[in-house]
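The working numbering puts the first residue of the sequence shown at 13, with every later residue one more than the last. Notes follow once the structure below has been shown.
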Amino acid sequence: MTPIETLTRILVAVVGIGISSMLIGRKFKISYVPLFIVFGIIFGPVALIIPRETAHELFDYVRVFGLVMILFTEGHNLSIKLLKRNFSTIITLDTLGLVLTALLSAWFFSWVFHAPFLVGFLFGAIISATDPATLIPLFRQHRVRQDIETTIVTESIFNDPLGIVLTAVAISMIVPEASGGLFAALSSHVGVYGGAVVYFFYEVLLSVLVGVVIGLFGYWFIKRAEIFEFPEIELFSLLLAFTSFFLGEQLQASGYLAATVAGIVLGNYKLIGHWRRIDIMDEVLTAIEREVEFNESLAAIATVFIFILLGASLNLSLFGKNLVGGILVAFFIMVVARPLAAVFLLKWWSPKEYLFISLEGPRGIVPSALAALPLSLATRYPNATLTVYWGDVILAVTVLTVLVSVITETLWLPLLRSKLLKGETLEDRIRRYEKVKDNIKTS
């Protein structure tokens with residue numbers, strides 16, 4: 013079979029699996045994510061319809077381009093007004109919470125698998141980002157309070173790119189040659205751990221700056237160029253997303269965080285106009301709304317490809333060997349690491365609300381996209397610490413953690429809601445309606 017025929021077969025299989033999984037998930041009201049991975053495993057290493065090696069090679073490309081579009085789109089959907097309302101909670105979860113989750117996960121992973129701590133830290137960084145977007149349909153179905161839902165979803169929008177930044181720091185500590193010369197230069201002056209801290213802040217601050225500049229440029233260009241009624245707006249959207257990513261990576265910052273911030277700036281175009289006290293033309297509004305819909309479609313397609321190719325690229329023998337340890341690690345992250353890392357929330361939320369937020373943080377798209385990265389690095393840069401064996405273990409345990417967390421936290425959501433949260437009262441509905449009216453007036 014020629015390479016073109018193989019790629020065509022993979023494309024048909026992935027798209028067919030994606031459509032089938034979505035229909036099944038919608039029918040039985042369950043998350044698509046586990047279905048994508050499970051069907052990927054069935055059509056990949058089990059039935060060999062999708063060749064494992066080819067799936068792994070494609071995954072390396074799809075995860076990069078797919079993540080850029082997903083994070084750019086998530087940024088579009090983040091309202092700065094909603095962020096302000098629970099800013100303290102979100103910033104705490106995405107800084108202290110993120111790092112503590114990574115460190116606790118690192119310790120437990122290292123203990124269970126007898127791994128070097130830096131290998132455990134790489135796993136912890138990869139798995140630190142949450143993906144409650146898988147729960148949004150269930151939030152709607154079970155009427156989770158809007159402030160709780162907004163907090164969990166907004167937390168994820170920020171900790172996705174920040175989890176990638178933390179992973180970049182972990183990689184720099186284990187495989188310095190894979191991260192350029194900046195980390196090495198910093199480490200020579202302030203040590204490895206000091207260099208890691210400085211490198212983290214450098215990546216975050218510079219990435220935010222790049223994202224803001226690109227986002228403002230995009231807003232300025234759309235206002236002045238006559239591309240309102242033509243496909244150029246969609247192409248321009250792609251240009252913004254990947255320019256942000258490219259510039260961030262070229263400056264040894266995080267292209268993913270830069271793309272997220274660019275999406276946030278462009279997605280809050282109405283607020284920009286309000287700050288500048290100008291009226292935004294209807295054509296501009298229509299153009300940006302069309303661009304957002306286009307991005308959401310691309311992000312959905314990228315999600316399908318990432319999860320299915322991840323399942324198809326798994327080594328089932330190693331997956332089976334790490335099954336028990338992987339499940340232990342997954343439950344530790346869900347019921348120990350995240351609640352401990354989120355304990356600061358008790359300052360702003362009641363104990364029951366804190367428990368609900370801390371127990372509803374499934375792992376998803378970012379950990380899945382990064383899962384195979386250690387294996388690729390171990391293959392490309394032979395290293396005494398990060399070996400191919402540890403790359404395989406991290407891949408297997410990350411996939412298990414994603415599967416277990418999504419399935420478990422989807423199933424126990426109705427129980428947690430009934431035990432820990434009050435149902436939406438008439439007052440809540442009136443308040444929510446008034447907020448919507450205020451947003452419309454402001455817009």
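C-beta: ideal position from N, C-alpha, C; glycine also. Since this is a predicted model, take the numbers as computed values, not measurements.
(message) What residue range does the alpha helix (DSSP H) around Arg97 cover?
(response) Stepping through the sequence shown from its first residue, residue 97 is reached at position 85. Counting along the chain, the alpha helix (DSSP H) containing Arg97 begins and ends at 92-97.
(message) Helix, strand or coil, according to DSSP, for Gly207 in the structure here?
(response) Residue mapping note: residue 207 aligns to position 195 of the sequence shown, counting from 1. DSSP, read as helix, strand or coil, puts Gly207 in helix.
(request) Closer than 7 angstroms by C-beta to Trp287: which residues in its own chain qualify, once you throw out the five before and the five after it? Chain order, please. (result) Against the sequence shown, residue 287 aligns to sequence position 275. Because the pLDDT of Trp287 is 44, which lies under 50, any placement of that residue in the model is unreliable, and the question is left without a value.
(request) Using 10 angstroms around the beta-carbon of Ile2, count the other beta-carbons present and answer buried if the total reaches 16, otherwise exposed. (result) Any property of residue 2 remains undetermined from this structure, which presents the chain solely from 13 to 455.
(message) Quick check: the Cα distance between Leu228 and Ala396, rounded to an integer number of angstroms?
(response) One-based indexing of the sequence shown puts residue 228 at position 216. One-based indexing of the sequence shown puts residue 396 at position 384. Cα-Cα distance, rounded: 45 angstroms.
(message) On the criterion of 16 or more Cβ atoms from any shown chain inside 10 Å, does Phe120 qualify as buried, or is it exposed?
(response) As a working note, residue 120 is residue 108 in the sequence shown. Looking at its Cβ environment, which holds 16 or more other Cβ atoms inside 10 Å, Phe120 is buried.
(request) Tell me whether His286 sits in a helix, a strand or coil according to DSSP, three-state version. (result) Indexing the sequence shown from 1 puts residue 286 at position 274. For His286, the predicted model reports a pLDDT of 47, less than 50, meaning its position is unreliable and no value from the coordinates is stated.
(message) Would the stretch 133-152 count as touching the stretch 167-180 if we require 3 or more Cβ pairs under 8 angstroms?
(response) The stretch 133-152, when compared against the stretch 167-180, does touch it at the 8 angstroms Cβ threshold.
(request) Using the Cα positions of Tyr231 and Glu372, report the straight-line distance between them to the nearest angstrom. (result) Counted from its first residue, the sequence shown places residue 231 at position 219. Counted from its first residue, the sequence shown places residue 372 at position 360. Distance between the alpha carbons of Tyr231 and Glu372 is about 35 angstroms.
(message) Comparing C-alpha positions only, which one of Tyr401, Val414, Lys93 sits nearest to Phe125?
(response) Locating residue 125 in the sequence shown gives position 113, where the first residue counts as 1. Here the closest residue by C-alpha is Tyr401.
(request) Return helix, strand or coil for Leu218, following the three-state DSSP convention. (result) Position 206 of the sequence shown, counting from 1, holds the residue named residue 218. Reduced to three states, the DSSP call for Leu218 is helix.
(request) Count the other C-beta atoms from every protein chain shown that fall within 10 angstroms of the C-beta of Glu17, then say buried if there are 16 or more, exposed otherwise. (result) Numbered from its first residue, the sequence shown carries residue 17 at position 5. Answer is exposed; the Cβ neighbour count stays below 16.
(request) Let me know if Glu305 comes out buried or exposed under the rule of 16 or more other beta-carbons within 10 Å of its beta-carbon. (result) Translated into positions along the sequence shown, residue 305 becomes position 293. In this structure Glu305 is exposed. Its beta-carbon is surrounded by fewer than 16 other beta-carbon atoms within 10 angstroms.
(request) Since I believe Gly52 is in contact with Phe319 (beta carbons under 8 angstroms), could you give me their beta-carbon distance rounded to a whole number of angstroms? (result) Translated into the one-based positions of the sequence shown, residue 319 becomes position 307. Translated into the one-based positions of the sequence shown, residue 52 becomes position 40. Their Cβ separation, rounded to whole angstroms, is 7 angstroms, which keeps Phe319 and Gly52 in contact under 8 angstroms.
(request) Output yes or no for whether 9 angstroms exceeds the beta carbon distance between Phe151 and Ala182. (result) Position 139 of the sequence shown holds residue 151. Position 170 of the sequence shown holds residue 182. Going by C-beta atoms, Phe151 is not nearer than 9 angstroms to Ala182.
(request) Ignore the nearest five residues each way along the sequence and tell me which others in Phe170's own chain have a CB closer than 7 angstroms to its CB. (result) The residue labelled residue 170 in the question sits at position 158 within the sequence shown. The beta carbon of Phe170 is closer than 7 angstroms to those of Ile102, Asp106 in its chain, skipping five residues each way along the sequence.
(message) Taking the straight line between their C-alpha atoms, what separation do you get for Asn280 and Ser91?
(response) Here residue 280 refers to the residue found at position 268 of the sequence shown. Here residue 91 refers to the residue found at position 79 of the sequence shown. Spanning the two alpha carbons is a distance of roughly 7 angstroms.
(request) Pick helix, strand or coil for Val156, following the three-state DSSP scheme. (result) Taking the sequence shown and counting its residues from 1, one reaches residue 156 at position 144. For Val156, the three-state secondary structure derived from DSSP is coil.
(message) For the alpha helix (DSSP H) containing Phe356, name the first residue and the last one.
(response) Here residue 356 is taken as the residue at index 344 of the sequence shown, counted from 1. Here Phe356 belongs to no alpha helix (DSSP H), and DSSP marks it neither H nor E.
(request) Take Ser249 and list the residues in its own chain whose beta-carbon comes closer than 7 angstroms to its own, dropping the five residues that flank it on each side. (result) Sequence index remark: in the sequence shown, residue 249 carries index 237 (1-based). Excluding positions up to five away in sequence, the list reads Glu303, Phe306, Asn307.
(message) Can you check whether the C-beta of Glu301 is within less than 9 angstroms of a C-beta belonging to chain B?
(response) Any reference to chain B falls outside this structure, which holds one protein chain only.
(request) Let me know the secondary structure DSSP gives Thr14 once reduced to three states. (result) For this step, residue 14 is matched to residue 2 along the sequence shown. For Thr14, the secondary structure class from DSSP, reduced to helix, strand or coil, is coil.
(request) May I ask you to report which of helix, strand or coil DSSP gives Arg64? (result) Translated into positions along the sequence shown, residue 64 becomes position 52. Looking at Arg64 - three-state DSSP - the assignment turns out to be helix.
(message) In chain order, what are the residue ranges of uninterrupted alpha helix (DSSP H) at least 4 long that sit wholly in the stretch 68-125?
(response) Given a length threshold of 4 residues, each whole run of the alpha helix (DSSP H) inside the stretch 68-125 is given here in chain order: 92-97, 99-104, 110-125.
(message) Please report the distance separating the alpha-carbon of Glu65 from that of Ser325.
(response) If you number the sequence shown from 1, residue 65 lands on position 53. If you number the sequence shown from 1, residue 325 lands on position 313. Computed Cα separation, rounded: 7 angstroms.
(request) Would you check if the distance between the CB atom of Ala118 and the CB atom of Val405 is smaller than 9 angstroms? (result) On the sequence shown, residue 118 is found 106 positions in, with the first residue counted as 1. On the sequence shown, residue 405 is found 393 positions in, with the first residue counted as 1. With a cutoff of 9 angstroms on beta-carbon distance, Ala118 and Val405 are scored as not near each other.
(request) Kindly indicate which three-state DSSP category Gly30 falls into: helix, strand or coil? (result) Numbered from 1 along the sequence shown, position 18 holds the residue referred to as residue 30. Secondary structure of Gly30 (DSSP, three-state): helix.
(request) Measure how close the beta-carbons of Leu83 and Tyr268 come, nearest whole angstrom, since I'm counting them as under 8 angstroms. (result) Start at 1 with the first residue of the sequence shown, and residue 83 comes out as number 71. Start at 1 with the first residue of the sequence shown, and residue 268 comes out as number 256. Indeed, because the Cβ distance is near 5 angstroms, the residues count as touching under 8 angstroms.
(request) Can you give me the start and stop residues for the alpha helix (DSSP H) that Phe48 sits inside? (result) If you number the sequence shown from 1, residue 48 lands on position 36. Going by DSSP, Phe48 is part of the alpha helix (DSSP H) stretching over 44-53.
(request) Starting from Arg392, trace the alpha helix (DSSP H) both ways and give me its first and last residue. (result) The count along the sequence shown starts at 1 and reaches residue 392 at position 380. 385-392 is the span of the alpha helix (DSSP H), which, as asked, contains Arg392.
(message) Closest to Val273 by C-alpha separation, out of Ala25, Leu389, Arg236, Asn89, would be which residue?
(response) Numbered from 1 along the sequence shown, position 261 holds the residue referred to as residue 273. Ranked by how close their Cα comes to the Cα of Val273, the residues Ala25, Leu389, Arg236, Asn89 have Asn89 in first place.
(message) Taking the beta carbon of Val24 as the centre, do at least 16 other beta carbons fall within 10 Å, making it buried, or is it exposed?
(response) On the sequence shown, residue 24 is found 12 positions in, with the first residue counted as 1. When all chains shown are included, Val24 counts as exposed.
(message) Between the alpha carbons of Glu244 and Val80, how many angstroms are there, rounded?
(response) As a working note, residue 244 is residue 232 in the sequence shown. As a working note, residue 80 is residue 68 in the sequence shown. Inter-residue distance for Glu244 and Val80 is about 19 angstroms (C-alpha atoms, whole angstroms).
(request) Less than 8 angstroms between the CB atoms is what I'm expecting for Ile339 and Leu412, so what's the real figure, rounded? (result) Within the sequence shown, numbered from 1, the residue matching residue 339 stands at position 327. Within the sequence shown, numbered from 1, the residue matching residue 412 stands at position 400. About 6 angstroms separates the beta carbons of Ile339 and Leu412, which is inside the 8 angstroms limit, making them a contact pair.
(message) Once DSSP output is grouped into helix, strand and coil, what is the label at Asp404?
(response) The count along the sequence shown starts at 1 and reaches residue 404 at position 392. Three-state result, Asp404: helix.
(request) Can you say whether Glu421 is buried or exposed, counting buried as having 16 or more other CB atoms within 10 angstroms of its CB? (result) Position 409 of the sequence shown holds residue 421. Around the beta-carbon of Glu421, 16 or more other beta-carbon atoms lie within 10 Å, marking it buried.
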